[in-house]
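Line order of the protein sequences matches chains A and B. Heads up, the first sequence is in this note's numbering, so the first residue is 5 and it goes up one at a time. Heads up, the second sequence is in this note's numbering, so the first residue is 5 and it goes up one at a time. Just so it is clear, CB atoms sit at the ideal spot from N, CA and C, and this is done for glycine as well. The model shown is predicted, which means the values in this text are computed figures rather than measured ones. This report concerns only the one structure given below.
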Amino acid sequence: MNLVADGIAWILDPANWQGAGSIPERIGQHLLLSLVVLLIASAIALPAGAVIGHTGRGKQFVVMVSGGLRALPTLGVLTLFGLWLGIGLAAPVISLVILAVPPLLAGAYAGFEAVDRRTIDAARAMGMREREIVGGVELPLGLPIIVGGVRSAALQIIATATLAAYVADVGLGRPIFQGLKTRDYGEMLGGSILVILLALLVDGAFALAQRLVVPAGVRATRTRELRSRPPRPRTVVGRPIHEGNRQ
Amino acid sequence: MTWLWSNLDLVGELSLVHLALSVPAIILSFVISVPIGWLAHRYRWSRGVLLTLCGLLYAIPSLALLIALPVFTGLSVRSPVNLVVALTLYGIAVIVRTAADAFDAIDRDVRQSATAVGYSAFGRFRAAELPLAGPVLLSGLRVVIVSTVSLATIGAVIGVPSLGSLFTDGFQRGIQAEIATGIVATILLALLLDLLAVLAGRLLMPWTRAGAARRSSSQAPVVEEVLP
Chain A
5 MNLVADGIAW ILDPANWQGA GSIPERIGQH LLLSLVVLLI ASAIALPAGA
55 VIGHTGRGKQ FVVMVSGGLR ALPTLGVLTL FGLWLGIGLA APVISLVILA
105 VPPLLAGAYA GFEAVDRRTI DAARAMGMRE REIVGGVELP LGLPIIVGGV
155 RSAALQIIAT ATLAAYVADV GLGRPIFQGL KTRDYGEMLG GSILVILLAL
205 LVDGAFALAQ RLVVPAGVRA TRTRELRSRP PRPRTVVGRP IHEGNRQ
Chain B
5 MTWLWSNLDL VGELSLVHLA LSVPAIILSF VISVPIGWLA HRYRWSRGVL
55 LTLCGLLYAI PSLALLIALP VFTGLSVRSP VNLVVALTLY GIAVIVRTAA
105 DAFDAIDRDV RQSATAVGYS AFGRFRAAEL PLAGPVLLSG LRVVIVSTVS
155 LATIGAVIGV PSLGSLFTDG FQRGIQAEIA TGIVATILLA LLLDLLAVLA
205 GRLLMPWTRA GAARRSSSQA PVVEEVLP
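Here it is in structure tokens:
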């Protein structure tokens, strides 16, 4: 367990807490980069996913994008943009946005798609306009799944932002690569521990958010799994079991 | 293109190394996950614990996991085994969830019928539950195949050679063609393994093809209808 002690010693070393490239600065960079990327990617993917989920057109597109981009190696995208755009923040930001779009698109699509068609028909029958249905019925009901998509995207971004330190001087990946270069395991492990803690904290925060955005009416009647479904459509063996008053 | 032709040997060799890293991880994670997924499906308490653990595991950034794993395994950071262990863990995190869902979706009547005609608990699992969960397990396996092949490239930054070495080498030497080749080769490798998995699925589960054709013509497919 000496290794762990080295890592913790690196984190607690006061010398690492001040000056350029200090731990607080790295954490700040990491969070800021992740937030900017998440906002850009959300602005692109969430409206697109909402339109596709609402109209039901372009479902194949979502499946293709979310399935196809999964095969895209993140490191390859980072290094390729790194060569094209040079050292700086442009390369990591663009590559991270590309990688964050699929989970967001899939989440937004799944959220809108999962809303019971009968609920939407009822809303339409009551005279709600299309825009009101999207904003007042589908969005609140689908929000837990949409937030689930944002959660997957946020984790993906935090993980890849670590890797982005390979092509730019940014974030918590820096101590990891620094340690790899100088064969200083304490520094590597210290950086890794901080990244892991950051990821788990963000994951926890989103898990909480997913619970909080469940509309009160839905919460009162049922409890269910809130995590976003995988982008690929899942085939279900047999018919779902009908029991009691559950549908 | 000229880069590719003059370095075809290197790409071929790295592809084989890449396969040697990802295939064991994919197979190991599948073999380990199915029983764990069944356990998560079987009891309420184990479901909460196991799926939470898988969720946490999946949240850990890959580079950080690669660096932190040697603390538990005692291996070197640069050891290929370390990378295989990390890839296996991510695979497990994905398939256990899918496997639990797959076993959940099996019709209760089928399970009761299997018990009624005299299957033991294990016999029922082998002869009834596993084949019925097969198509969903396969879909989980396909997700893991694609993500594992893509994730294995990350080992290159810590010094485990794979197709990812084309990224690091190309970046350091400023050869775009090398990186592009690496990306294409990684995707092709993932598609190849995916195709093999689909073919294996057809061989092992011949009933899925007939079933799919019949379902699309006569009744609406039961997709995403598990949500109550």
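B/G41 is positioned such that its CB atom lies closer than 8 Å to that of B/I99. For the pair of segments examined, the segment 188-203 of chain A was found to touch the segment 61-74 of chain B: the number of CB pairs separated by less than 8 Å reaches three. Listed in chain order, the beta strand (DSSP E) runs fully inside the segment 144-216 of chain A amount to none, counting runs of at least 3 residues.
Here B/N86 is buried, its C-beta having at least 16 other C-beta atoms within 10 Å. Taking one beta carbon from each stretch, the segment 92-109 of chain A and the segment 157-173 of chain B have fewer than 3 pairs nearer than 8 Å; the two do not touch. Its chain contains R146, I149, V150 as the residues whose beta carbon lies nearer than 7 Å to that of B/D198, once the 5 sequence neighbours on both sides are disregarded; these appear in chain order.
Residue-level contact by beta carbon holds for B/L67 and chain A, with a gap shorter than 8 Å. For B/A44 against B/L55, the beta-carbon gap comes to about 6 Å, under 8 Å, which counts as contact. A distance below 8 Å separates the beta carbons of A/A157 and A/P107. Annotation: the continuous alpha helix (DSSP H) that includes B/A103 extends over 84-108.
Around the beta carbon of B/Y47, a 10 Å sphere encloses fewer than 16 other beta carbons of the protein chains shown; the residue is thus reported as exposed. Comparing alpha-carbon positions, the option among A/D17, A/L145, A/A127 lying closest to A/G111 turns out to be A/L145. Note that the C-beta distance between A/V81 and A/L103 is below 8 Å. Rounded to whole angstroms, the separation of the alpha carbons of A/E29 and A/G23 is 9 Å.
Here DSSP, grouped into helix, strand and coil, assigns A/Y113 to helix. Per DSSP, the continuous alpha helix (DSSP H) segment holding B/F171 begins and ends at 169-177. At a C-beta separation below 8 Å, B/S154 has these neighbours in chain A: R74, A75, L76, P77, T78.
When secondary structure is reduced to three states using DSSP, B/M209 falls in the coil class, being assigned neither helix nor strand. In this structure, DSSP gives B/Y62 a helical state, which the three-state scheme calls helix.
Contact annotation, B/G144 with B/T102: C-beta distance approximately 3 Å; criterion of less than 8 Å satisfied.
Per DSSP, B/D111 is not a residue of any alpha helix (DSSP H), being assigned neither H nor E. Around the beta carbon of B/I31, a 10 Å sphere encloses fewer than 16 other beta carbons of the protein chains shown; the residue is thus reported as exposed.
Shown in chain order are the members of the segment 196-207 of chain A whose Cβ falls below 9 Å from a Cβ of chain B: S196, I197, L198, V199, I200, L202, A203, L204, V206, D207. Proximity of chain A to B/L60 at the Cβ level (cut-off 8 Å) is accounted for by L204, D207, in chain order. Look at B/G16 here: in three-state DSSP terms it is helix. The way I'd put it, the segment 150-162 of chain B doesn't touch the segment 52-69 of chain A; fewer than three beta-carbon pairs between them come closer than 8 Å.
Around the beta carbon of A/Q214, a 10 Å sphere encloses 16 or more other beta carbons of the protein chains shown; the residue is thus reported as buried.
At a cut-off of 8 Å between beta-carbon atoms, A/M192 makes contact with chain B.
Using a C-beta cut-off of 8 Å, the segment 115-127 of chain A makes contact with the segment 48-60 of chain A, since at least three inter-stretch Cβ pairs fall below that distance.
The straight-line gap separating the alpha-carbon atoms of A/R135 and A/S38 is approximately 31 Å. Per DSSP, the continuous alpha helix (DSSP H) segment holding A/M68 begins and ends at 63-72.
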